[in-house]
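According to my numbering, the sequence shown is numbered sequentially starting from 3. Backbone N, C-alpha and C define an ideal beta-carbon position, used for all residues, glycine too. Just so you know, these numbers come straight off a predicted model, no measurement behind them.
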Amino acid sequence: MSFAITPATMADAPAIAAIYEHHVLHGTASFETEPPSAEEMGQRLAKVLSAGSPWLVARSPVGEVLGYAYASQFRDRAAYRFAAEDSIYIRHDRRGQGVGAALLAALISACEAAGFRQLFAVIGGAEPASIALHARAGFTMAGRMRGIGRKHGRWLDTVYMQLPLGPGDSAPPEVEPE
Ligand SMILES: CC(C)(COP(=O)(O)OP(=O)(O)OC[C@H]1O[C@@H](n2cnc3c(N)ncnc32)[C@H](O)[C@@H]1OP(=O)(O)O)[C@@H](O)C(=O)NCCC(=O)NCCS
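What follows is the structure, given as structure tokens:
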């Protein structure tokens, strides 16, 4: 399948919301249960972009959004400045065709360029496809929280995976967080 990876724009918010809606309603990767509206997704997109963090989309040759990936600071507190968490969702009927792998590779480069030193995947429901996707990109296991979620009548684990970026924690940053 042919596609191009580009930064997301605000005009992509409705397509992104539509992709995410399927996974919220039918999957366990997200612990959300109410799909956010296109307007709410636009606000999430604007927040990530205004923080200088990457939000990428994969587009078909006719401009359809096939999937998206973004990263943002792991938690707001200052000491987390160099740790990011990724999110990646592929349109449900376009999975298994290389879009996720390409988006994740591009996101890793963008996170490194944004100055992050560690990238975390927080994998709801310990989804095997997401674990395999991240392992293939070089992430290693960083922990597992058992039974932390409940959705669709099941107890769900969350798996953490981690990828060092650039020098990782082997060298201090150029500027200490304040
Ligand atoms: C997980 C997800 C992002 C993967 O994207 P994708 O475009 O379907 O994956 P790709 O076709 O690029 O495959 C890349 C790798 O992912 C793994 N993978 C993808 N689908 C898989 C499946 N059904 N079972 C096991 N591994 C799978 C494989 O390691 C694959 O590499 P390979 O083809 O060399 O074996 C996508 O399936 C998705 O959106 N799933 C639902 C939401 C989700 O779990 N998001 C992650 C949140 S942390």
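Paired residues, beta bridge with residue i - DSSP
i, result
"methionine 43", "Paired residue(s): none; methionine 43 is not in a bridge."
"alanine 60", "Ile7 and Gly69"
Distance CB(residue i)-CB(residue j) smaller than 9 Å
i, j, result
"alanine 123", "aspartate 88", "yes"
"isoleucine 133", "arginine 61", "no"
"methionine 3", "leucine 68", "yes"
"arginine 119", "proline 179", "no"
"methionine 143", "threonine 160", "no"
"alanine 73", "alanine 86", "yes"
"histidine 28", "histidine 94", "yes"
"alanine 71", "alanine 40", "no"
"valine 121", "leucine 158", "Note that residue 121 is leucine in the sequence shown here, rather than valine. No."
"glycine 151", "tyrosine 162", "no"
Supposed contact pair residue j and residue i - C-beta distance, whole angstroms, cut 8 Å
i, j, result
"tyrosine 22", "proline 37", "7 Å"
"glutamate 114", "leucine 167", "4 Å"
"alanine 107", "alanine 139", "7 Å"
"isoleucine 18", "leucine 47", "7 Å"
"glycine 126", "alanine 31", "5 Å"
Residue ranges of each beta strand (DSSP E) run of no fewer than 3 residues wholly in the segment 62-122, ordered along the chain? Whole beta strand (DSSP E) segments, 3+ residues: 67-75 and 85-92.
Curious, which full-length beta strand (DSSP E) runs of at least 3 residues does the segment 123-176 contain? The beta strand (DSSP E) runs of length 3 or more contained entirely in the segment 123-176 are, from start to end of the chain, 142-153 and 156-166.
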